[in-house]
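A.B. asks:
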Amino acid sequence: MAGVLRALDAARFGAARTLDLRSSLPTAADAVARAEPWLREHQVAKAGEVLIITGRGHGSPDGIPVVREAIRRLLTTLRRKGVVETVEEHTPGSFAVTLATVRRLIEAPRRSRVAAVEPPPTDPAQLDGLAAETRAGLRRLAERALDSLGAPRGESYVRDEMVRQYALLAGAVSGLRRGATDREVRLRDLIADAIEAYDDER
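Numbering that gives the first Met the number 0 applies: residue 0 is where the sequence shown begins, and numbers increase by one.
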């Protein structure tokens, strides 16, 4: 029966969309450190649905599933941050996770009560190292986002929104194990996807 279930999981998720935390027996902290960038990278890649295998914790001290609980907490946090859309207990030792869209990632802080009390970004200097094409894309995205809120398009609003969008999207590509140039190219892809999502609703 276990072999049949593994075969079904392989057909549904495939090796590329499965993170096996059980085999390496990581600590809870190590498991979280592996899982978060992996989830963010798969969100960027539009993987859709992924599988995280934590195990049931039978080998843990006192049989307490510390890795499983740490991953459960991480998934709850990433839902608030707009990385994860839904989570279901696939088996007693795994989670099936549907990743959120890029637009959900961008808009999640606006829906958060915590984010509502945070000061707006005020340091546009962090955009200076980006290519002109990337900054232009961020400007278009910022304008779409402000328009969707009915907010003014004054330069200070646009600049602040550009920085906010950059901070969100840069976090989504920071875990990619590639060079800085590849990350900026992927960042531009994310910006284009987000602009398209706004335009589709017009």
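Cβ atoms here follow ideal geometry from the backbone N, Cα and C, with glycine treated the same way.
Of the choices R5, R16, L189, whose alpha-carbon is the least far from that of R103?
C.D. replies: With distances taken between Cα atoms, R103 lies closest to L189.
A.B. asks: If we ignore side chains and look at the alpha-carbon of each, how far apart do S23 and G54 end up?
C.D. replies: Going from the Cα of S23 to the Cα of G54 covers about 11 Å.
A.B. asks: Grouping DSSP H, G and I as helix and E and B as strand, with all else coil, what is I194?
C.D. replies: Helix, per DSSP.
A.B. asks: Between the C-alpha atoms of D122 and L129, what's the straight-line distance to the nearest angstrom?
C.D. replies: With a pLDDT of 42 at D122, under the threshold of 50, the modelled position of that residue is not reliable, and the figure given next carries that caveat. The alpha-carbon atoms of D122 and L129 are separated by roughly 14 Å.
A.B. asks: Do A46 and L98 have their C-beta atoms within less than 9 Å of each other?
C.D. replies: Yes.
A.B. asks: Determine which residues share a DSSP beta bridge with A95 and list them.
C.D. replies: Bridge partners of A95: L50, E87.
A.B. asks: Is D19 helix, strand or coil by DSSP?
C.D. replies: Strand.
A.B. asks: Which first and last residues belong to the alpha helix (DSSP H) in which T26 is found?
C.D. replies: First-last for T26: undefined, no H or E at that position.
A.B. asks: With three or more C-beta pairs closer than 8 Å as the rule, is the region 126 to 146 touching the region 61 to 80?
C.D. replies: The region 61 to 80 vs the region 126 to 146: no contact.
A.B. asks: How long is the line joining the alpha carbons of A27 and S93, rounded to whole angstroms?
C.D. replies: When rounded, the distance between both Cα atoms is 15 Å.
A.B. asks: Please report the straight-line C-alpha distance between R21 and R143, rounded to a whole angstrom.
C.D. replies: Roughly 43 Å separates the two Cα atoms.
A.B. asks: Determine, using beta carbons only, whether V96 and T85 come nearer to each other than 9 Å.
C.D. replies: In contact: V96 and T85 (Cβ atoms closer than 9 Å).
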